[in-house]
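Residue numbering for the sequence shown is 1 to 471, as defined by the UniProt record's numbering.
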Amino acid sequence: MTITPIIMAGGSGTRLWPLSRGNYPKQFLTLSGEQTMLQNTITRLNGLEHSPAMLICNEEHRFIAAEQIRQLGVNHSGIFLEPVGRNTAPAIALAAFKATEQGQDPLLLVLAADHVIDDISAFQQSVAKAAELAAQDKLVTFGIVGNKPETGYGYIKRGQQFQSGFVVDSFVEKPDLATAQQYIQSGDYYWNSGMFLFKASRYLTELKAFRPDIYAACEAAMRVQNNDLDFIRVDKAAFEACPDESIDYAVMEQTQDAVVVPMDAGWSDVGGFAALWDVSEKDNNGNVFKGDVKAVDTKNTLVFGEDKLVATVGVENLVIVNTKDAVLVAHKDHSQHVKTIVNQLKSEQRSEVTFHREVYRPWGQYDSIDNGERFQVKRITVKPGAKLSVQMHHHRAEHWIVVSGTAKVTNGDKDILLTENQSTYIPVGVIHALENPGKMPLELIEVQSGSYLGEDDIVRFEDRYGRVEGK
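What follows is the structure, given as structure tokens:
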């Protein structure tokens, strides 16, 4: 049977703050190697026979996800945009309805976009075993062979053997340390990976039996689909009415056909900085350094330096993360409490909880390099062939200075070409647009001045990315 990967790419960006943010959660980060976690999730499918993957993500992340897939040069089956987060059971239901629209019934391989898997061969072998069971109408979950008593994961207790897997005896909540030690010693428990494989129709049948409310809401949401570029939108009101529920509670703990296939593949969900340190390559002193780092008498420490030199002297077991707009210093054993900081920032409505200083857009990106009471300076990068929306501002004027590349500028009733070291001025209230007609990235410095400099002071008249009535 055909396997269709379903990649879940939601996330709130709290556990690895300040590396991850609400608008740039960890699945879009490059934590090791050259690829992001989302890209690694897609490339580890190479060698498996499968149809193009389907992605499910939040509306706010759509352009980041699409760009990272584009960079890989692979095909996909569409990017589902959830109007609101409703957990995994409804999200998978949307994918299952979509997969069966043309009378087909593929096996759905449900994967999270933010997992680390070191042994791709072992991963693919487990998938192949699971596919045989799923073809027999079993709902398969993957149980990670644990190497230590982990209190941060749920567990799956196996029952009697069934071909290459085991009947699921029960799903167990996150245990305390003593209980986790008993689980690991018994050999009858696996970490709950949150990965699944089953027929699309089989999942829908079980969902309808055990949670007809979720089934009906998702079925209603799928009746109104709006395809926009690579994106698939469903009926917002219908999906908002859907209960928030995980696949574990809604289906897997209810069905009589749950089977677990063991997987020993160097798996981690990178649930915090301590886990990131665990799965990263270390130097002789147990350190993990990324960026410009100088260290003296430093041990078992994780340092991420984004844009400036980070120096450490005489420290150990620390997490030090330096981004362009925030610095985190934490003891590695307490780094899971970064959520407390994030909650404080949320209560103070601080922008750092949601945005990086560098923000990605469908046409490129911008970096807010300086700001004051009535001015803001940005470095803007526009991809070849890309164009910003035709827009106007009520409260700010803008100066554009080209650093490299060629800019095609609409400034009121004039169309002009600007090259390196040339500039233009956009007065308040003038309709304008910026386009890169060249073959190389366009870089320019934008100086904004005025009484209000918020991103919501944009009136869009035309936009090739469908943002005239929103972002």
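Just so it is clear, CB atoms sit at the ideal spot from N, CA and C, and this is done for glycine as well. Values in this document were obtained by computation on a predicted structure and should not be read as measured data.
Note on geometry: alpha-carbon atoms of K383 and G364 lie some 5 Å from one another. Residue state for C242 is assigned as coil, using DSSP reduced to three classes.
DSSP places R202 in the uninterrupted alpha helix (DSSP H) bounded by 200-210. Boundaries of the beta strand (DSSP E) around T4: 3-8. For the set N300, G438, G429, the Cα lying nearest the Cα of E420 is the one of G438. Bounds of the alpha helix (DSSP H) holding F273 are 273-279. T36 counts as buried, since no fewer than 16 other beta carbons sit within 10 angstroms of its beta carbon. Y215 places its beta carbon 7 Å or farther from that of I144. In this structure K414 is exposed. Its beta-carbon is surrounded by fewer than 16 other beta-carbon atoms within 10 angstroms. Straight through space, the alpha carbons of V390 and E462 are spaced by roughly 5 Å. By the Cβ rule, the region 129-141 counts as touching the region 253-268, because three or more pairs are nearer than 8 Å. Here the alpha carbon of R211 sits roughly 50 Å from the alpha carbon of I369. Among the bridge pairs identified by DSSP, S389 is matched with none.
Bounds of any beta strand (DSSP E) do not take in M37; it lies within the alpha helix (DSSP H) bounded by 37-43. C242 sits away from L94, with the two beta carbons spaced by 7 Å or more.
Contact between V110 and M1 fails: their C-beta atoms lie close to 15 Å from each other, not under 8 Å. Secondary structure at T88: helix, using DSSP grouped into helix, strand and coil.
Judged by DSSP secondary structure, N226 falls within the beta strand (DSSP E) whose first and last residues are 226-228. Selection Q181, T179, K138 evaluated against G165 yields K138 as nearest (Cα-Cα). One Cα belongs to V338, the other to G103, and the distance between them is close to 47 Å.
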